[in-house]
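K.L.:
Take a look at the following structure, please.
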Amino acid sequence: MTRALPERDRAAEARAAEMEARLAGIQREIDALRRRSEKDKPDAVEQIRVLEARGEELRESMLSIRTAWQAVALARHPQRPKAQEFVRALLDEFTELHGDRLFRDDPAMLAGLGWFEGQPAVAVAPCKGRDTRENIACNFGMPYPEGYRKALRAMRLAEKFGYPVLSIVDTPAAFPGDAAEERGQAEAIARNIGEMTRLRVPVLVVITGEGGSGGALAIAVGDAVLMLEHAVYTVIPPEGCAAILWHDAGRAREAASALRLTAQEIAALGVVDEIIPEPSGGAHLDSQAAIAAVREALRPRMTALSNLPVEELLRRRYAKYRAIGYHEEQS
Amino acid sequence: MTRALPERDRAAEARAAEMEARLAGIQREIDALRRRSEKDKPDAVEQIRVLEARGEELRESMLSIRTAWQAVALARHPQRPKAQEFVRALLDEFTELHGDRLFRDDPAMLAGLGWFEGQPAVAVAPCKGRDTRENIACNFGMPYPEGYRKALRAMRLAEKFGYPVLSIVDTPAAFPGDAAEERGQAEAIARNIGEMTRLRVPVLVVITGEGGSGGALAIAVGDAVLMLEHAVYTVIPPEGCAAILWHDAGRAREAASALRLTAQEIAALGVVDEIIPEPSGGAHLDSQAAIAAVREALRPRMTALSNLPVEELLRRRYAKYRAIGYHEEQS
Amino acid sequence: MLNWLRRPKHGRISRRDIPAGLWVKCSRCGAAVYHRDLERALKVCPKCGWHHRLGAEERLSITLDEHSFEEMDANLASGDPLRFDGYREKLSEARANTGNADAAIVGVGGIEGYRTAVGALDFAFMGGSMGSVVGEKITRVAERALQDRLPLVIFSASGGARMQEGALSLMQLAKTSAAVGRLHEAHLPYLSVMCDPTTGGVTASFAFQGDVIIAEPGALIGFAGRRVIEQTIRRKLPERFQTAEFCLEHGLIDMVVPRPELRGVLARLLRFFGAPRAVAPEPAAAAPDGEAQPAPGEPGGPEVACP
Amino acid sequence: MLNWLRRPKHGRISRRDIPAGLWVKCSRCGAAVYHRDLERALKVCPKCGWHHRLGAEERLSITLDEHSFEEMDANLASGDPLRFDGYREKLSEARANTGNADAAIVGVGGIEGYRTAVGALDFAFMGGSMGSVVGEKITRVAERALQDRLPLVIFSASGGARMQEGALSLMQLAKTSAAVGRLHEAHLPYLSVMCDPTTGGVTASFAFQGDVIIAEPGALIGFAGRRVIEQTIRRKLPERFQTAEFCLEHGLIDMVVPRPELRGVLARLLRFFGAPRAVAPEPAAAAPDGEAQPAPGEPGGPEVACP
Ligand SMILES: [Zn+2]
Ligand SMILES: [Zn+2]
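Protein sequences appear in the order of chains H, F, E and Y. Per our numbering, the first sequence starts with residue 1, numbered consecutively. Per our numbering, the second sequence starts with residue 332, numbered consecutively. Per our numbering, the third sequence starts with residue 663, numbered consecutively. Per our numbering, the fourth sequence starts with residue 970, numbered consecutively.
What follows is the structure, encoded as structure tokens:
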């Protein structure tokens, strides 16, 4: 059974809020200088440089405190390497598969085949875009039921050939639209979760950005679940939690903290098996290093899991999820 | 390998055409009398009675010749007991299941659970209506992909519990509409056919009306395939065949004859295992007797198939379809 | 009819304490209904047909054969693993209001003489939300079904995962799905009944994994909430969106069954799927208001084994 | 490139007899293209990119490693089981025009050194329609793949079931599906390639049963014919309805691959799925114009077995 977490570091949260206010002030000064910069050039440039350096310093120390909200911001950072970038970098000779063979090819979910370190593997990953146009095309990384069904089809292909599944997870949520509901969003997620608990091949999962509730878990049940240092994993988006608890989505920061969604907290709850350190400052500053770190973390686990007999693999997977939860016995 | 059929009885076809013309003449006379009947009542009533009796006689002898076209007409007869009527009559405590768990509940396909002679079984059947309103509701017995997927879901349920599948087939075709194509009509049929060739429970099929091409075969691959005496089974509707061959759908009668779609011919080709005799004049004259005949035919086969070990069942099913076909060796 | 199942109370107030003979107002159509009539109609409004929500105990008592229920794990209670502000208070309040330790009751009982493992969620307990305890109890009752080769019947009524337990709640989707999955592999039947409302994480796990899925008329069933969807698509949703009837049309559930017929339909399905016959119901196995008997042994062996 | 695969001719006229150096007109865009250029471009129009149809021999010769093909059952020919008016005449004509006994060529060959069972349908032979012979050949090549633990690659190009063989044609859907199903159970890979056009009974059986389904650009893919659908729905269909690209959007196929890349993609997939390596290609196993060698034995054993 899971152990309860210690009290949150409220002082750190307060410090972070204060630092952010200072950072906003610096940014305002820089903006003001820039507006004036045509009049007064060389001086302003130097002032801006100094302010930017101070801002950068502040940002780094904010990172080192890393409150939950900062984790959320980093996990959602637009320059953060996307799940599909991880897949395409980690797998050689990647071949994309399309479609659920039922209704539609969902561009919000990538599925395909390739070689991980000389081992054939099947990968799935939600797709976020790098700009608005791309994001609209892939629905901001929010799959429809057909996305989950495509992923399941790919995983069943892996099962047929005895190949491991690699799932890279970064999605805010399953798409909450009427058409998605009509086509069985809940059914699709429930089916994936169910099938993944008994898929007869190793399943390796890395939460690289947003692990957004059921929409993430639908591709995140596995034998090894890893998590990047600044990724988050949550049962509800902080904004939604705040809206329900305090009828104020603006209090998302407090909700993020209450939800215990950082990699460190998630690991302490026994929900993930390992935290993968990111390049200093966050994965968005060095995608290549982040990808290399994920590769290094996956390699020994892939080997170890591939060597397990299937029945033992399934026994352990069951036992792992069986043990997650916290309860008391009332007299 | 299948044996080729003997030449068709062209004289019988000619006789039938001639008789049909006479019948149409009688009908015209009756209609004419009816139009006049307000003026001249008792006399007309008697005349109509005589004409109707003569028509009935003619109809019976036409039945006895039974050319292909007459088989088509009988198979499509609006009073013919519907596939769903067979299912509801053959299974005790019938419980209908709905939906493909993916997209929609297709009213053109019935699926459900019940007891056949004390044995739990799962049944599937396309639905035709008894009038225009009902026919519109169930799309004239033409399923969409979701209908086939619902049927497959029911069959998988049967497989899970080791229960036999009973499929009653009467459908003109899979629905040829744009939405059906978009949602993978071909994929759905291909999947059903494939899964049915290896479903690990006995599958019993009765073609009770129109066995319309792939749309019928999608629920008609089985260990025992029976066929009502006046049912037809064809790779293409006679109208479509005539349109392709002679660019004239009006020549459907000739096409029906050329396609060899009667139960007798289909049985001679080795495509069905048994012909179930219908009540004299056709099943539409006595639904209860037709249902009883189907029940009698199914009973011993259900028992025999249920006693086979699964591997033997599958071996025989494979061998059965493996043997269907006719070819020559060229030197 | 609603009263045979009495269990030890964790709080003091029970909804059962309403004095008989009162008139109550249907929250749907506004009609005034004599309280006893409403109870006799299994809380289906005689005027508008609306299926009012039942607590988990009420649900089990109208479904199971009298005195056939043997509860499991009644003493499992939620902790506060995240130290989530206000969670302990909410739990206390819910316990006081419902008389239950958490939002699920599970055990083994009979339905028209067919023995089955059974569970019911209680929407009155924090919206029937699934935290660790609900997940654990559903898992345990599924494991019990597996061990004794019994069918499983679960009545869901839930707003989804319990956010106060964060990712632990989310993981209950995987845990319960794994347990239900073992029933599938063992060819044991699992019937899922969705009551008003069944949404969020419960739909995305065991509620949608039934061999047969039944819903009560009018029940709200869906993954995302109406408000969230309306904000996303910037349109109003039609009234019947996400109702049981809507789900039936969209092929997501097998049938919509009015409450008075539900027990009969379940019995028919249990018989079809080979549920074992219970021996004659024990005469009052548990004392009406005494301690619960969460002993793991069964009172009587099945006559027939599940296939 | 299109010429290494020469087989015994059943008729006298071959499409290969067009004298090189002619200008041909693209039936799609109307551009005049130098015949040799079109051949070099694998019959993809250099002006409009249209993928012109290939005969089964051409298909195999641009796909397989030179001289790697070992044909099976070249002498299987259709009879006339229904005594269908005009069928024998149509068969003779098709044999004369295509030089093949029926609408499929099957056997074992290499793709970039990977050994695979392979089949190709020929649209030029009665619209690539599947009667008993096509069904039998697809079944036999699938059984060969099972026996030798080889992958299977099938190029479809067909109007559907062959109506002149009535219900026997329809049953080929079941026969081929059963054979392909055994590959699935044996965990052997089957790659389906849909070429222009793939419709009717072939889509409703083996063409849609691939582990991976590939289509050529612009290929017509669908179950029902456009005319029938338009009559049914009483509307005109859009131009791109039932194209490969339309099927890709609707989630029905895995990828659309231009002809020049197809061999490479197939090799990549065969490698991924563990296809055995062929030994060094035999130097001219079959004499260019001599008798076929339909011997069932393989020329060289695989170095690696399929998983
Ligand atoms: Zn009311
Ligand atoms: Zn062109």
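The beta-carbon is built from N, C-alpha and C at its ideal position, and this holds for glycine as well.
With a cut-off of 9 Å, does the C-beta of E:L814 fall near any C-beta of chain H?
P.N.:
Residue numbering aside, residue 814 of chain E sits at position 152 when the third sequence is read from its first letter. So no, E:L814 is outside the interface.
K.L.:
Does the separation of the CB atoms of Y:G1078 and Y:D1034 fall below 9 Å?
P.N.:
Here the question's residue 1078 of chain Y lines up with position 109 in the fourth sequence. Here the question's residue 1034 of chain Y lines up with position 65 in the fourth sequence. Yes, Cβ-Cβ distance for Y:G1078 and Y:D1034 is below 9 Å.
K.L.:
Looking at E:W712 and ligand 3, is the gap between the Cβ and the nearest heavy atom below 8 Å?
P.N.:
As for ligand 3, it is missing from this structure, which binds only ligand 1 and ligand 2.
K.L.:
Quick one: what's got a C-beta closer than 8 Å to H:A44's C-beta in the same chain, skipping five residues either side?
P.N.:
Position 44 of the first sequence holds residue 44 of chain H. For H:A44, where only same-chain residues beyond five positions count, the Cβ hits under 8 Å are L33, R34, R36 and S37.
K.L.:
Near E:P708, which residues of its chain fall below 7 Å by C-beta distance, leaving aside the five closest residues on each side in sequence?
P.N.:
Taking the third sequence and counting its residues from 1, one reaches residue 708 of chain E at position 46. Taken in chain order, the residues that qualify are V695 and D699.
K.L.:
Applying the criterion that 16 or more other CB atoms from any shown protein chain within 10 Å of the CB defines a buried residue, is F:K651 buried or exposed?
P.N.:
Position 320 of the second sequence, counting from 1, holds the residue named residue 651 of chain F. The residue in question, F:K651, is buried, as its Cβ has 16 or more Cβ neighbours within 10 Å.
K.L.:
Taking 9 Å as the CB-CB limit, is F:A517 close to chain Y?
P.N.:
For this step, residue 517 of chain F is matched to residue 186 along the second sequence. Yes, its Cβ sits closer than 9 Å to a Cβ of chain Y.
K.L.:
Could you give the DSSP three-state label for H:C127: helix, strand or coil?
P.N.:
Along the first sequence, one-based indexing puts residue 127 of chain H at 127. Three-state DSSP puts H:C127 in coil, outside helix and strand.
K.L.:
Quick one: what's got a C-beta closer than 6 Å to F:H429's C-beta in the same chain, skipping five residues either side?
P.N.:
Here residue 429 of chain F corresponds to residue number 98 of the second sequence, with the count starting at 1. D436.
K.L.:
For chain Y, check one thing: does any of its Cβ atoms lie closer than 9 Å to the Cβ of F:H429?
P.N.:
Numbered from 1 along the second sequence, position 98 holds the residue referred to as residue 429 of chain F. So, not an interface residue.
K.L.:
Which partner residues does E:M788 have in the DSSP bridge list?
P.N.:
For the purposes of this step, residue 788 of chain E is taken as the residue at position 126 of the third sequence. According to DSSP, E:M788 bridges with nothing at all.
K.L.:
Could you tell me the distance, in whole angstroms, from the CA atom of H:F175 to the CA atom of H:A154?
P.N.:
Walking along the first sequence from the start, residue 175 of chain H turns up at place 175. Walking along the first sequence from the start, residue 154 of chain H turns up at place 154. Rounded to whole angstroms, H:F175 to H:A154 spans 20 Å at the Cα level.
K.L.:
Is the beta carbon of H:G100 less than 9 Å from the beta carbon of Y:G1220?
P.N.:
The residue you call residue 100 of chain H lines up with position 100 of the first sequence. The residue you call residue 1220 of chain Y lines up with position 251 of the fourth sequence. For the sequence presented, residue 100 of chain H should be read as Asp rather than Gly. Yes, Cβ-Cβ distance for H:D100 and Y:G1220 is below 9 Å.
K.L.:
Check the Cβ-Cβ distances between E:E1035 and every residue of chain F, and say whether any is below 9 Å.
P.N.:
Limits of chain E in this structure are 663 at one end and 969 at the other, which puts residue 1035 of chain E out of reach.
K.L.:
Put E:A947 into one of helix, strand or coil per three-state DSSP.
P.N.:
Start at 1 with the first residue of the third sequence, and residue 947 of chain E comes out as number 285. The pLDDT assigned to E:A947 is 40, lower than 50, so where the model puts this residue is not dependable; a value taken from the coordinates is nonetheless given after this. Correct three-state label for E:A947: coil.
K.L.:
Do Y:T1172 and Y:T1145 have their beta-carbon atoms positioned less than 9 Å apart in this structure?
P.N.:
Position 176 of the fourth sequence, counting from 1, holds the residue named residue 1145 of chain Y. Position 203 of the fourth sequence, counting from 1, holds the residue named residue 1172 of chain Y. It is not a contact, given that the beta carbons lie outside the stated cut-off.
K.L.:
For F:Q401, does the three-state DSSP call read helix, strand or coil?
P.N.:
As a position in the second sequence, residue 401 of chain F is number 70, starting the count at 1. Residue state, collapsed to three classes: helix.
K.L.:
Can we count E:K627 as close to ligand 1, meaning its CB is less than 8 Å from some heavy atom?
P.N.:
Past the boundaries of the shown model lies residue 627 of chain E; chain E is included only from 663 to 969, so the question cannot be answered.
K.L.:
Within the present structure, is the beta-carbon of F:C469 separated from the nearest heavy atom of ligand 2 by less than 8 Å?
P.N.:
As a first step, residue 469 of chain F must be located in the second sequence, where it is residue number 138. No, the Cβ of F:C469 stays beyond 8 Å of every heavy atom of ligand 2.
K.L.:
Contact defined as beta carbons within less than 8 Å: I believe E:T778 pairs with E:L814. What is the distance between those atoms, to the nearest angstrom?
P.N.:
Taking the first residue of the third sequence as 1, we reach residue 778 of chain E at position 116. Taking the first residue of the third sequence as 1, we reach residue 814 of chain E at position 152. At roughly 7 Å, the Cβ-Cβ gap stays under 8 Å, so E:T778 and E:L814 are in contact.
K.L.:
Would H:P238 pass as a contact of H:L259 if the rule is Cβ separation under 9 Å?
P.N.:
To locate residue 238 of chain H, count along the first sequence from 1; it is residue 238. To locate residue 259 of chain H, count along the first sequence from 1; it is residue 259. Going by C-beta atoms, H:P238 is nearer than 9 Å to H:L259.
K.L.:
Can the beta-carbon of F:L636 be found less than 9 Å from the beta-carbon of F:E605?
P.N.:
In the second sequence, the residue the question calls residue 636 of chain F occupies position 305. In the second sequence, the residue the question calls residue 605 of chain F occupies position 274. No; because the gap between Cβ atoms is not below 9 Å, this pair is not in contact.
K.L.:
Which residues in the same chain as E:V803 place their Cβ atom closer than 6 Å to its Cβ, once the five residues preceding and following it in sequence are excluded?
P.N.:
Position 141 of the third sequence, counting from 1, holds the residue named residue 803 of chain E. Here the set comprises V768, A779 and G781.
K.L.:
For the stretch 547 to 565 of chain F, which residues have a beta carbon sitting closer than 8 Å to at least one beta carbon of chain Y?
P.N.:
So the list reads L548, A549, V552, Y564 and T565, given in the order they occur along the chain.
K.L.:
How do the stretch 530 to 550 of chain F and the stretch 1196 to 1213 of chain Y stand: do at least 3 beta-carbon pairs fall below 8 Å, yes or no?
P.N.:
No, they do not touch.
K.L.:
Since E:T905 sits in a beta bridge, which residues does DSSP pair it with?
P.N.:
Your numbering for residue 905 of chain E matches position 243 in the third sequence. Answer is E:L882.
K.L.:
Report all residues from its chain with a CB closer than 8 Å to the CB of H:G55; omit the five preceding and five following residues, and keep chain order.
P.N.:
By one-based count along the first sequence, residue 55 of chain H stands at place 55. Around H:G55: L23, I26, Q27 and I30.
K.L.:
Determine the DSSP secondary structure at Y:H1020, reduced to helix, strand or coil.
P.N.:
Within the fourth sequence, residue 1020 of chain Y is the residue found at index 51, counting from 1. If DSSP states are grouped into helix, strand and coil, Y:H1020 belongs with the strands.
K.L.:
Am I right that Y:G1135 and Y:L1051 are in contact with their C-beta atoms under 8 Å? What's the rounded C-beta distance?
P.N.:
Locating residue 1135 of chain Y in the fourth sequence gives position 166, where the first residue counts as 1. Locating residue 1051 of chain Y in the fourth sequence gives position 82, where the first residue counts as 1. 5 Å between Cβ atoms; contact.
K.L.:
Could one say the Cβ of E:L914 lies closer than 9 Å to chain F's Cβ atoms, at least one of them?
P.N.:
In the third sequence, residue 914 of chain E corresponds to position 252, counting from 1. Output row for E:L914: interface = yes.
K.L.:
Does Y:F1094 come within less than 9 Å of chain F when only Cβ atoms are used?
P.N.:
Position 125 of the fourth sequence holds residue 1094 of chain Y. No, because no Cβ of chain F sits closer than 9 Å to the Cβ of Y:F1094.
K.L.:
Taking one C-beta from the stretch 890 to 903 of chain E and one from the stretch 912 to 932 of chain E each time, how about it: are there three or more such pairs within less than 8 Å?
P.N.:
Cβ pair count under 8 Å is below three, so no.
K.L.:
Between the Cα of Y:L1139 and the Cα atoms of F:L405, F:M350, F:I622 and F:L592, which residue gives the shortest distance?
P.N.:
Position 170 of the fourth sequence holds residue 1139 of chain Y. Out of F:L405, F:M350, F:I622 and F:L592, F:L592 has the C-alpha closest to the C-alpha of Y:L1139.
K.L.:
For a test of your reading of the model: does the CB of H:A256 fall under 8 Å from any non-hydrogen atom of ligand 1? Yes or no.
P.N.:
The residue given as residue 256 of chain H occupies position 256 in the first sequence. No; taking the cut-off as 8 Å, the Cβ of H:A256 has no heavy atom of ligand 1 nearer than that.
K.L.:
Jot down the residue ranges of each uninterrupted beta strand (DSSP E) in the stretch 718 to 772 of chain E, minimum 3 residues, whole runs only, in chain order.
P.N.:
Qualifying beta strand (DSSP E) stretches, in chain order: 732 to 734 and 738 to 740.
K.L.:
I need the straight-line Cα distance from F:Q415 to E:K705, nearest angstrom please.
P.N.:
Taking the first residue of the second sequence as position 1, residue 415 of chain F is located at position 84. Taking the first residue of the third sequence as position 1, residue 705 of chain E is located at position 43. Their backbone Cα atoms lie some 35 Å apart in a straight line.
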